[in-house]
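Using our numbering, read the sequence shown as starting at 1 and increasing by one per residue.
Structure, as structure tokens:
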Amino acid sequence: MDTVDLAIVGGGVIGALIAHEAVAAHPGATVAVLERGLIGQGASSRSAGVHFPRGATARVRSMTDHSHRVWERLAGELGLPIREVGATVVATGDADGVRATYLRLGDETSPADPDRGLTAPAGARAWALHGCHYADVQGVAGRVLARLRDQVTVLEGTEVTEVAADGDGHRLTFGHGGQLFARRVVLAPGPWIAHPAWADLVAPLGLRVKKIVAAHVASSPGPDAPLTVFHDEDAFLLPLHERGHYLFSYTCDRWDVSPDDVGLVLERSDLDDARAVLGRFAPGLVDRCDSGRVFCDAYSPRREPVVAELRPGLVLAGAAGGSGYRLAPAIAAETVAALDLTPSRTVSQPRQRQS
1 MDTVDLAIVG GGVIGALIAH EAVAAHPGAT VAVLERGLIG QGASSRSAGV
51 HFPRGATARV RSMTDHSHRV WERLAGELGL PIREVGATVV ATGDADGVRA
101 TYLRLGDETS PADPDRGLTA PAGARAWALH GCHYADVQGV AGRVLARLRD
151 QVTVLEGTEV TEVAADGDGH RLTFGHGGQL FARRVVLAPG PWIAHPAWAD
201 LVAPLGLRVK KIVAAHVASS PGPDAPLTVF HDEDAFLLPL HERGHYLFSY
251 TCDRWDVSPD DVGLVLERSD LDDARAVLGR FAPGLVDRCD SGRVFCDAYS
301 PRREPVVAEL RPGLVLAGAA GGSGYRLAPA IAAETVAALD LTPSRTVSQP
351 RQRQS
């Protein structure tokens with residue numbers, strides 16, 4: 001049975017960034033990424049990949065700021081499939097609350113954009129928002145790990161069916177019959193928190209899985225079309241230039257779904273809800289909102305990502321609440337900081353970060 005210093009279960013964007021962070025912090029460590037499908041094929045493949053620097057809590061704002069700087073650096077170093085985009089925040093609530101939430105808020109501007117069919121609700125105000133981009137998240141995960149192939153073992157089509165404590169580490173059993181011994185293990189399962197191999201260990205954290213819906217709007221964005229964030233509705237309208245349409249993300253309130261549920265699909269009620277929200281800002285686009293994408297993600301009780309030790313040497317990283325791409329570098333940094341990756345040492349008690 002092969003042995004590694006660190007096994008990362010989950011090959012989405014969070015797992016990929018943890019591998020990158022681990023190799024950078026501990027160049028001599030042996031690392032394996034275990035993915036039951038293909039790299040980035042899970043929640044990452046459905047993600048809008050939008051990054052705008054904001055956070056509802058001080059911790060999330062700090063994580064956003066850290067991640068922003070990392071994405072800027074990695075975009076250049078690795079040639080990541082990331083596209084910068086201008087952005088505007090529209091809100092009718094307390095302006096001080098908006099300023100506290102967004103890290104790179106610019107000058108106030110018009111909340112209406114007639115050229116794109118955007119109207120302004122009564123009392124609405126708007127601000128420019130700097131530092132925004134969107135990405136092909138599956139492509140990002142793949143590119144990050146491709147650059148690490150000489151340092152990291154990547155095993156695709158490898159489902160972990162058992163995580164058993166074994167001496168100073170854990171023995172991982174695979175669905176295809178193989179095994180791996182890891183001194184440290186990170187679970188980065190995205191919404192697969194109820195997988196039988198770790199469901200009982202994760203349950204005390206109180207995580208829940210929520211459906212996420214983004215409608216596709218059949219309107220071709222202009223070359224300089226900005227991202228528009230509707231702050232009060234926790235929604236945004238994103239121009240997907242490469243795909244030739246807009247994406248409208250709104251808050252779906254359907255909880256306790258499963259990522260493997262065949263019924264987790266785009267329903268008529270999802271489009272009705274999307275149109276109802278979009279119609280308050282862009283009534284001319286409502287009739288073009290006729291398709292979309294659906295998946296889900298794990299959320300913590302405090303709506304902050306979780307980096308928590310489940311038992312000595314075994315850490316869960318995730319529950320990003322639909323912001324896995326945006327916060328992946330910060331989640332990775334917290335995770336690697338919580339691990340003692342020095343080879344052949346007694347398992348320590350890393351500091352727990354849980355929200």
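C-beta: ideal position from N, C-alpha, C; glycine also.
Source: prediction; values computed, not measured.
Under 8 Å Cβ to Cβ from D65, same chain only, skipping five residues before and after it: list those, please. Counting from 1 along the sequence shown, the entry for residue 65 is found at position 65. For D65, same chain residues with a beta-carbon under 8 Å away, outside a window of 5 residues either side, are P53, L103 in chain order.
Are the CB atoms of A357 and V209 nearer to each other than 8 Å? Here the chain has residues from 1 to 355 only, and residue 357 is not among them.
Where R184 falls, given that 16 or more other Cβ within 10 Å makes a residue buried: For the purposes of this step, residue 184 is taken as residue 184 along the sequence shown, with counting starting at 1. Per the 10 Å Cβ criterion, buried.
What is the residue span of the alpha helix (DSSP H) that I14 lies within? By 1-based counting over the sequence shown, the position of residue 14 is 14. The continuous alpha helix (DSSP H) containing I14 extends over residues 13-25.
How about G12 and G190: do their beta carbons lie closer than 8 Å? Taking the sequence shown and counting its residues from 1, one reaches residue 12 at position 12. Taking the sequence shown and counting its residues from 1, one reaches residue 190 at position 190. Yes, these two residues count as a Cβ contact at 8 Å.
Can you pull the DSSP bridge partners for F181? Taking the first residue of the sequence shown as position 1, residue 181 is located at position 181. DSSP output for F181 lists T3, R171 as bridge partner(s).
Compute every distance between the C-beta of L237 and the non-hydrogen atoms of the ligand COA, then say whether any falls below 7 Å. In the structure on display, the ligand COA does not appear, and there are no ligands present to speak of.
Inter-stretch contact at 8 Å, needing at least 3 Cβ pairs: the segment 220-228 / the segment 115-134: Three or more Cβ pairs closer than 8 Å define a contact, and the segment 220-228 meets that threshold against the segment 115-134.
Span of the alpha helix (DSSP H) holding H66? Numbered from 1 along the sequence shown, position 66 holds the residue referred to as residue 66. Element bounds for H66: 58-78.
Would you mind stating whether V336 and G318 have Cβ atoms separated by less than 8 Å? For the purposes of this step, residue 336 is identified with residue 336 of the sequence shown, where counting begins at 1. For the purposes of this step, residue 318 is identified with residue 318 of the sequence shown, where counting begins at 1. No, they are not a contact pair.
Collapsed DSSP secondary structure at R353 in the structure displayed: In the sequence shown, counting from the first residue as 1, residue 353 sits at position 353. Any answer about R353 is weak, because its pLDDT of 41 lies below 50 and its placement is not dependable; what the coordinates show is given next. Residue state, collapsed to three classes: strand.
Could you pull the start and end residues of the alpha helix (DSSP H) that D270 belongs to? Here residue 270 corresponds to residue number 270 of the sequence shown, with the count starting at 1. Per DSSP, the unbroken alpha helix (DSSP H) holding D270 starts and ends at 268-278.
Would you check if the distance between the CB atom of Y134 and the CB atom of A48 is smaller than 8 Å? As a working mapping, residue 134 is identified with position 134 in the sequence shown. As a working mapping, residue 48 is identified with position 48 in the sequence shown. With contacts defined as CB atoms closer than 8 Å, Y134 and A48 qualify as a contacting pair.
On the three-state DSSP scale, how would you describe E334? In the sequence shown, counting from the first residue as 1, residue 334 sits at position 334. Looking at E334 - three-state DSSP - the assignment turns out to be helix.
Reduced DSSP category for A164 - H, G, I as helix; E, B as strand; rest coil: In the sequence shown, residue 164 corresponds to position 164, counting from 1. In the three-state reduction of the DSSP assignment, A164 falls in the strand class, which pools E and B.
Contact check, A32 vs A16 under 8 Å by CB: the rounded distance? Within the sequence shown, the letter at position 32 stands for residue 32. Within the sequence shown, the letter at position 16 stands for residue 16. So it is not a contact: roughly 13 Å between Cβ atoms.
Below 8 Å CB to CB, which residues in the same chain sit around H241 once its five sequence neighbours on both sides are set aside? Working through the sequence shown from its first residue, we reach residue 241 at position 241. For H241, where only same-chain residues beyond five positions count, the Cβ hits under 8 Å are R83, P221, P223, A225.
Helix, strand or coil at S348 according to DSSP, with G and I counted as helix: Here residue 348 is taken as the residue at index 348 of the sequence shown, counted from 1. At S348 the pLDDT is 33, less than 50, meaning the model places this residue with poor confidence; the figure from the coordinates comes in the next sentence. When DSSP states are grouped into helix, strand and coil, S348 belongs to the coil group.
Neighbourhood of P196 by C-beta distance below 7 Å, restricted to the same chain and skipping five residues each side: Within the sequence shown, numbered from 1, the residue matching residue 196 stands at position 196. Once the five neighbours on either side are set aside, P196 has no close Cβ partner at all.
Could you round the C-beta distance between T3 and V90 to whole angstroms and report it? I think they count as a contact, below 8 Å. Here residue 3 refers to the residue found at position 3 of the sequence shown. Here residue 90 refers to the residue found at position 90 of the sequence shown. About 54 Å; that fails the 8 Å criterion.
Can you look up S44 in the DSSP assignment and give me helix, strand or coil? Position 44 of the sequence shown, counted from the first residue, corresponds to residue 44. Three-state result, S44: helix.
Along the beta strand (DSSP E) that carries D200, what are the first and last residues, could you check? In the sequence shown, the residue the question calls residue 200 occupies position 200. Boundaries around D200 are those of the alpha helix (DSSP H), 199-202, since no beta strand (DSSP E) includes it.
Neighbourhood of D234 by C-beta, 7 Å cutoff - its chain only, sequence neighbours within 5 removed: For the purposes of this step, residue 234 is taken as residue 234 along the sequence shown, with counting starting at 1. Around D234: T251.
Do the CB positions of I18 and A188 come within less than 8 Å of each other? Stepping through the sequence shown from its first residue, residue 18 is reached at position 18. Stepping through the sequence shown from its first residue, residue 188 is reached at position 188. Yes, the Cβ-Cβ distance between I18 and A188 is below 8 Å.
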